[in-house]
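Chains as they are written, first to last, in this note's numbering: chain C, 2 to 171; chain L, 12 to 910.
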């Protein structure tokens, strides 16, 4: 363990702005954790220590918050994380069929990360999109009225984005 | 716009009550203004209550027990166990007593049918996930859950589903966590956050899955952490050292006083078959037995709780030894004491009484102190009797004595302002610091910090803090006294402190506007190096503060106040502990009597001491252990250990308390007072000493409180409270034979209390030593102070000494840390005295800028106290993190500097 985690090193200005919005520093914990999750995809122990250092609280206090909210990932997830709604409306309208389709066709299994590190999936409670059931969250975006064709298009789009990034990196 | 008032937090969001500070629980209503009072009805009885109190507080005062788990008088209100549900007229549903404020005319029924049913149902809910493993649970027999099940619960459960189960973590070396038994009262979490000073424990996850623990399974890293064991109302947090050792009802409880530091906490020793099993805060009577008090406000530190069993160490020696032809041979106590008397008599006859020195451990009781002084002055005829081996020099020891003699302050009076000068108070006298913290946290008194080091435990509660360079404190105190007396300007003080005039004016106004105040001064930084200058300066400041103020000099030494008051000091004519080695060297001292080897252990390293002691004609050592010193003794007298001794001792605030033996002395060993009595008689004074501890106490009482007739039994603790009031007046003057100039001061002592009545500033000490570097040109000044769990003659002998040893850290000021680029938990190389030492860094606000701080006696390879004062160091950051919170934070390597 040698590297100092510095996930938030480029966000100093934004962090100060966020902290300034609240009467006490520790109130900015949730927004800071969101920044961490956007940067790294998940909230590591190192990230929690970093947030604790910035806010002047103990790591235990940060971990209380991280572990309270299921939306914060405590393990690495794929670049595209699918949060599939498993509550009543979506379940009736075909969540389980969608999950089976994702696993069979695209190899994306529940609570697992695909070998290429692109995708991961977890079941979540109601995401408030019952009118568009079955629905999922792709990272922070809502995708509703899911059909096999829609899923294919969504996955295709993700792969295209990933390819473009890889090409740009080259 | 309407003014927003902050009420107590309520509802689901308030499961952890950060908001509401705990009130003044159970306080009598005397002195409360009439317009703050009103009447209400409690269980059909009309009672008085104060505006803002909760139902629970009123019940507490009125001796009406309402069952509760999460509520604790010292902690903030959480309101999450819901067990204290009571019926209130005109409220449709039962409401919780701990969080509901009373109002005029309120009618509360704590034991009505509705309340009882609600409590019964809550018990059923709390037991939903609780395993039925009482037969193997360490809490069995003193469990609040067990008790409430019987008193308030039902005999059956309707829970049909499987119980929740957790994997057992191995978080703390001292505290065992069994989460399955937890009922989520969060007392431990709030204790660590509010009293322990660090939010290291937390409630993790959510809903049915939530659990308590520490981050990354780290330890509960504060010196008060053991209290969560008592606070836990169920078997979730239990003591690892005590686990599975005994059932509590098999143990004998002794109400006594901790013998480890000057806080002098009341404790209960739990013993069986001559062995100490555990130490807890005072137990309390419940029905026909005494049991642990989970609502206690008398918290104790980990050293007192876990580190009191050194009497059971392998090196414990019960028998006495006598030197015959260069060999130490076991001898009956009577023979050994006769031999010691003969040896001492020979020295006195040949070289005179003045060639004998009698040294006492600072842990000696008043009774041992009195007899040792009498033995020296009345029997042997020497001035040389001393308890102050821990001070760095004769001047430092004299300064400490001068300060203790005139000290006139305590915390009982709840001063409005507490000014703290220097020092890691929490690591010298932990519970004193805890009580200062409570003044700030619960009673909203102002804490002001001055000096070169600010106790990090208290700094979080400080209203103001002003740092200065080490060695400059005396100057600052003198200037502050000058400003208060109108003789010096605020501008000068501001420039000395490096702060704005506005800041300093606020400090002066705070002090001036206070009705009452307390000046707390640490005497032990650098083993008292600057005490000769700082004590007179603090005394002058105390004099300038005037009426309503008090002065409380702090040393961690157990019975410093008592031994000082009884005159166990050499004065100007005798040779003190610090002059002993020189005096042996030039032949002025030919014989030494040491009561406890820790009376001489701090004087030098073993080699140096062995060299000196072997030059003596007679060395009589009364001690409990086999040690390098016992092997040098002419006569070794087996002395009872800390748990085997009766007597009295004062705490640093001047309160007297009973020290009571929990077990019989090991083997043939005797209590200290009896050894001294026998020694006196062996020296030819048949009337010396006494035949019972009660008789010695009578002699002590005659000196300290001539008019009192309190017996030792009257000082005995019953259920954690003093049974009788003991009024001490001024000490009788003429009792100190051959000590005409020993003047213990004009003591006034009210109710178990010893404090100077008329304050008189001590005279300036000789050789004030503030010529040290105030700042290091290149790098930092390493400062240090003592630690209650640091290595020491007795501390090393506790069975879990290594576990109690604090994690060694180098504390760096945040601004300095940023400048050199180090962070908490990062390793760095400390260049000191031509050595390179790898240390873990902690960023904290304790040290002044330009200085770094380390506790002494904590880190084996390098001890800062090997330096006489602050020493210049360089810090070189390493790109390496301290591996784990649970591991030693400094790698055990220390290498010479390479070039």
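Virtual Cβ for every residue (Gly too), placed ideally from N, Cα, C.
Is residue i close to chain L? Criterion is C-beta to C-beta, closer than 8 Å.
{"i": "residue 68 of chain C", "result": "yes"}
{"i": "residue 37 of chain C", "result": "no"}
{"i": "residue 123 of chain C", "result": "no"}
{"i": "residue 64 of chain C", "result": "yes"}
{"i": "residue 59 of chain C", "result": "yes"}
{"i": "residue 9 of chain C", "result": "no"}
Using a C-beta cutoff of 8 Å, does residue i count as contacting chain C?
{"i": "residue 226 of chain L", "result": "yes"}
{"i": "residue 211 of chain L", "result": "yes"}
{"i": "residue 839 of chain L", "result": "no"}
{"i": "residue 781 of chain L", "result": "Legend: pLDDT at residue 781 of chain L = 41, less than 50; position of this residue unreliable, no value from coordinates given."}
{"i": "residue 636 of chain L", "result": "no"}
{"i": "residue 182 of chain L", "result": "no"}
{"i": "residue 216 of chain L", "result": "yes"}
{"i": "residue 874 of chain L", "result": "no"}
{"i": "residue 736 of chain L", "result": "Confidence is the limiting factor: at residue 736 of chain L the pLDDT is only 36, short of 50, which leaves the residue's position unreliable, though a coordinate-based value still follows. No, residue 736 of chain L lies away from the interface with chain C (no Cβ there is under 8 Å from its Cβ)."}
Give the C-beta separation of residue i and residue j to the nearest angstrom, bearing in mind that I take them to be a contact with Cβ-Cβ under 8 Å.
{"i": "residue 271 of chain L", "j": "residue 315 of chain L", "result": "5 Å"}
{"i": "residue 309 of chain L", "j": "residue 293 of chain L", "result": "6 Å"}
{"i": "residue 539 of chain L", "j": "residue 359 of chain L", "result": "Not confirmed; about 32 Å, so no contact."}
{"i": "residue 291 of chain L", "j": "residue 279 of chain L", "result": "5 Å"}
{"i": "residue 577 of chain L", "j": "residue 667 of chain L", "result": "Incorrect: roughly 12 Å between the Cβ atoms, too far for contact."}
{"i": "residue 376 of chain L", "j": "residue 572 of chain L", "result": "About 12 Å separates the two Cβ atoms, so there is no contact after all."}
Which residue wins for smallest C-alpha separation from residue i, given the options the options?
{"i": "residue 434 of chain L", "options": "L:802, L:346 and L:545", "result": "L:545"}
{"i": "residue 679 of chain L", "options": "L:711, L:276, L:672 and L:635", "result": "L:635"}
{"i": "residue 472 of chain L", "options": "L:517, L:229, L:205 and L:51", "result": "L:205"}
{"i": "residue 443 of chain L", "options": "L:240, L:466 and L:131", "result": "L:466"}
{"i": "residue 52 of chain L", "options": "L:42, L:98, L:40 and L:82", "result": "L:98"}
{"i": "residue 446 of chain L", "options": "L:188, L:696, L:312 and L:302", "result": "L:312"}
{"i": "residue 819 of chain L", "options": "L:805, L:835 and L:470", "result": "L:835"}
{"i": "residue 139 of chain L", "options": "L:195, L:180, L:87 and L:178", "result": "L:195"}
{"i": "residue 857 of chain L", "options": "L:807, L:793 and L:638", "result": "L:793"}
{"i": "residue 574 of chain L", "options": "L:251, L:451, L:663 and L:62", "result": "L:663"}
{"i": "residue 300 of chain L", "options": "L:153, L:278, L:549 and L:242", "result": "L:153"}
{"i": "residue 407 of chain L", "options": "L:387, L:328 and L:587", "result": "L:587"}
{"i": "residue 307 of chain L", "options": "L:127, L:71, L:795 and L:710", "result": "L:71"}
{"i": "residue 553 of chain L", "options": "L:492, L:686, L:128 and L:134", "result": "L:492"}
{"i": "residue 356 of chain L", "options": "L:797, L:631 and L:560", "result": "L:631"}
{"i": "residue 598 of chain L", "options": "L:166, L:367, L:42 and L:854", "result": "L:367"}
{"i": "residue 795 of chain L", "options": "L:94, L:878 and L:641", "result": "L:878"}
Hey, would you say the C-beta of residue i is under 7 Å away from at least one heavy atom of the ligand MN?
{"i": "residue 373 of chain L", "result": "The model depicted lacks the ligand MN and carries no ligand whatsoever."}
Ordered list of alpha helix (DSSP H) runs contained in the segment 598 to 660 of chain L, each at least 4 residues: Runs found: 617 to 624.
Every unbroken beta strand (DSSP E) inside the segment 368 to 409 of chain L [3 residues or more]: Entirely contained in the segment 368 to 409 of chain L, not one beta strand (DSSP E) run reaches 3 residues.
Interface positions of the segment 40 to 54 of chain C facing chain L (Cβ-Cβ less than 7 Å), listed along the chain: So the close ones are 46.
Continuous beta strand (DSSP E) assignments of at least 3 residues falling wholly in the segment 810 to 851 of chain L: Taking only runs of at least 3 residues, the beta strand (DSSP E) segments lying wholly in the segment 810 to 851 of chain L are 821 to 823 and 837 to 843.
Residue ranges of each beta strand (DSSP E) within the segment 112 to 171 of chain L, 3 or longer: The segment 112 to 171 of chain L contains these whole beta strand (DSSP E) runs: 118 to 120.
Runs of beta strand (DSSP E) lying entirely within the segment 432 to 488 of chain L, each at least 3 residues, in chain order: DSSP runs (the beta strand (DSSP E)) wholly in the segment 432 to 488 of chain L: 457 to 462 and 475 to 478.
Secondary structure, beta strand (DSSP E): runs of 3+ residues fully inside the segment 263 to 317 of chain L: Taking 3 residues as the minimum length, the beta strand (DSSP E) runs contained wholly in the segment 263 to 317 of chain L are 263 to 268, 277 to 283, 286 to 291, 295 to 297 and 300 to 302, in order along the chain.
Complete alpha helix (DSSP H) runs within the segment 165 to 252 of chain L (minimum length 4 residues, chain order): With a minimum length of 4 residues, the continuous alpha helix (DSSP H) runs that stay inside the segment 165 to 252 of chain L are 198 to 201 and 238 to 242.
Members of the segment 68 to 89 of chain C that neighbour chain L once the beta carbon cut-off is set at 9 Å: Listed by position, the residues of the segment 68 to 89 of chain C near chain L (Cβ gap below 9 Å) are 68, 69, 70 and 71.
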